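To keep things clear, I will list the structure first and then write my remarks on it.
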């Protein structure tokens, strides 16, 4: 990891509240009465109900949605035995994934013991607290005994994800790869390189889904695990072979499948050439697989290749499994996670890959031809169907095998509840980032002499979101890159001060003069304007030297936007406006116009609303638009109310397909219960508005800034809409994170301008 990435990681974990997770109250706590119900004396009542019937714990406490992520730090990632305390960031990270993918709450617990009996006794004693136990990063062979005993002795779901997570996902990949290669899983010859917890569990899973033990060869760091080897521990001895082979080269000859859970670059091109026709290679060592993806597909055209990496097709990623397996197990109050439940997850994941891919996924990967085939054997991690489909399959298997205490009878209703529980909007920035990465564009950073800009440019480059182009004084920027040890040496730097009298400079001067001659701008004035980085940058975008521009950190908004408006301007028939995307617990809420139009007319509001509708649909979100005022459907009078009503009346008549209503007060617009109860006739009734159009800039600007500061809400924007070319501006003193988010939007805008 380079120094800047190391700093980023440390800053990420330390900024604000240290760590990545927190406990948040789920009930009101504002009054003395609230506190008396939450604690003494009111808390005694649920205690007594649980004493009468322990099952009431699921009714009155968080137990049913609470998982413990437990480790002793003996096998952490690729770091090895680093100890319980040092493992805590990983366990918090696992908790974060549980929450964002399946809405499961987590306490991470790090146990400072390597004694198996002590570990087991501690975890068993925690059973009253939790609805499930996720064991993590425990070395083999101890992990096998720990999981086996805890599953036998506890009445809640227990799973060691390092074993079963990879087994489940790679099992789905193997099923589909065999189908595509027209191979019978019961006859394929499989080589498993690695003999740790994941490798042993994977091998067991492959047998559960149809592979035969006699067709499997396993290797560890000493070579092929043979029956005549001395001192084999029981977990390895189970997979020992009688064949007279010793090396990986021996094992892979004529093999159909290579499973890598070991180390980088151990499978050579020469070995790969000796495999059977139409080979399947799942090389899952991270960060570098057992054979490089490019080398593998370059060596064998008939290969199906999967890795653990997100930048290649067929990523075998545990996040496709564990959140949804526990979700299903918790929802039926399963007493265990049995083999049938794991196999159900395998089958559900495999089947999803064969279904038409949702547009939100194809959009994110900029691949509208994505379909079941050699480069798509398992779903993508951002597929919104994983939660309802995999969780439902696991829940159904638990019920059918008699380990569920809560019986679901309507699985379609259950799936719908899961979709609502998370909401596809909660993943919007991850999906937008993936969309940007699918077709990176040249991003001109107009304020290249700011550290935050250069740091953001490096992240954009590292994450392959875009291709940075830095604008500013070259010597100063190069010195900053050196001083801050930034990885930007090979990035293009454009220094306007060295451009004078160049062909490009003269092209820009002539363009500005022709554009502004009748606005009092002379040739000499045009040259002066070109000294302003925003004028120069706007010309860069206009003439295709960059695809989009980011600016605005060092000037107020009106100064920063003026060059773009003067030189590039609005699309034909459009009104330039801006909106903020506020990332709330409900999903994104779009606010506008927050920065451009001071006091829009009724016609302006119509234009802005129509543009917002089209822009938000590009994010794969259905816009539900409220035009706000201080009135609810004419309950008050005034000029503002009248123009809002005129705009809504026009849209209802001419664009009845759009979900829009007003005039309406903000609290009713975002509260579907209040809206339905008081105004059931509204087109928004039964839902809440996710797009708020304000009657003037003053109210919009005040609202988004208050939300940002007081609401603990992340703001992305301002997003400029209606421009002929993709120009986007930052808030004054934006953070690096805010800059990167804005670049992501800018790149997508540039993609859509192609």
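In UniProt numbering, the protein residues as written are 1 to 754. All C-beta atoms in this analysis are idealised placements derived from N, C-alpha and C, irrespective of residue type, glycine included. Note that this is a predicted model, so its numbers are computed, not measured.
Mind the definition here: the stretch 367-377 touches the stretch 83-100 only if three or more C-beta pairs lie below 8 angstroms; say whether that holds.
no
Using the Cα positions of residue 188 and residue 202, report the straight-line distance between them to the nearest angstrom.
15 angstroms
Three-way DSSP call (helix, strand, coil) for residue 477 in this model
helix
Which residues bound the alpha helix (DSSP H) around residue 519?
Element bounds for residue 519: n/a, residue is neither H nor E.
According to DSSP, residues forming a beta bridge with residue 31:
Looking at the DSSP assignment, residue 31 forms no beta bridge with any residue, so it has no partner.
Residue 275 and residue 261: beta carbons closer than 8 angstroms?
no
Beta carbon of residue 616, beta carbon of residue 575: below 8 angstroms?
no
Would you decide whether residue 178 is buried or exposed? Buried here means 16 or more other CB atoms lie within 10 Å of its CB.
buried
For the alpha helix (DSSP H) containing residue 196, name the first residue and the last one.
Looking at the DSSP string, residue 196 is not in any alpha helix (DSSP H), and its letter there is neither H nor E.
For a test of the three-state rule: what should DSSP assign to residue 206, helix, strand or coil?
helix
Could you check what DSSP says for residue 159 in three-state terms: helix, strand or coil?
strand
Hey, residue 195 and residue 220 are a contact pair by Cβ (cut 8 angstroms); roughly how many whole angstroms apart?
4 angstroms
Which listed residue (308, 241 and 186) has its alpha carbon closest to that of residue 169
308
So residue 247 packs on residue 223, CB below 8 angstroms; how close in whole Å?
6 angstroms
Who are residue 551's beta bridge partners in DSSP?
729
Please report the residue range of the beta strand (DSSP E) in which residue 106 lies.
105-110
Determine contact between the stretch 736-749 and the stretch 426-441, defined as no fewer than three beta-carbon pairs at a distance below 8 angstroms.
yes
Straight-line Cα distance separating residue 279 from residue 656
55 angstroms
Would you identify the three-state DSSP class for residue 624, choosing helix, strand or coil?
strand
Hey, how far is the Cα of residue 415 from the Cα of residue 391?
8 angstroms
To the nearest angstrom, report how far apart residue 350 and residue 253 are at their CA atoms.
28 angstroms
CA nearest to the CA of residue 620, picked from 259, 360 and 171
360
Look at the alpha carbon of residue 512 and the alpha carbon of residue 521, and state the distance between them as a whole number of angstroms.
8 angstroms
Looking only at its own chain, which residues have a Cβ that is under 6 angstroms from the Cβ of residue 148, when we skip the five neighbours before and after it?
none
Which of the three DSSP states is assigned to residue 367 in this structure?
coil
Whole angstroms is fine: what's the gap from residue 281's alpha carbon to residue 303's?
7 angstroms
Considering only DSSP beta bridges, list what residue 258 is partnered with.
191 and 281
Which residues in the same chain have their Cβ closer than 7 angstroms to the Cβ of residue 424, if we skip the five residues on either side of it in sequence?
In this predicted model, residue 424 has a pLDDT of only 49, less than 50, meaning its place in the structure is not dependable enough to derive any value.
Report the residue from 106, 82, 62 and 61 whose alpha carbon sits nearest the alpha carbon of residue 70.
106
Backbone CA spacing between residue 29 and residue 690 [nearest angstrom]:
28 angstroms
Just curious, the beta strand (DSSP E) that residue 596 is in, first and last residue?
Careful: residue 596 lies outside any beta strand (DSSP E) and carries neither H nor E.
By Cβ distance below 7 angstroms, which residues in the same chain neighbour residue 725 in space, the five residues on each side in sequence not counted?
541, 542, 568 and 753
Which residues in the same chain as residue 295 place their Cβ atom closer than 7 angstroms to its Cβ, once the five residues preceding and following it in sequence are excluded?
269
How about residue 249: is its Cβ closer than 7 angstroms to a heavy atom in the ligand SAM?
The model depicted lacks the ligand SAM and carries no ligand whatsoever.
Please state whether DSSP places residue 430 in a helix, a strand or coil.
helix
Give me the Cα-Cα distance between residue 720 and residue 580, rounded to the nearest whole angstrom.
9 angstroms
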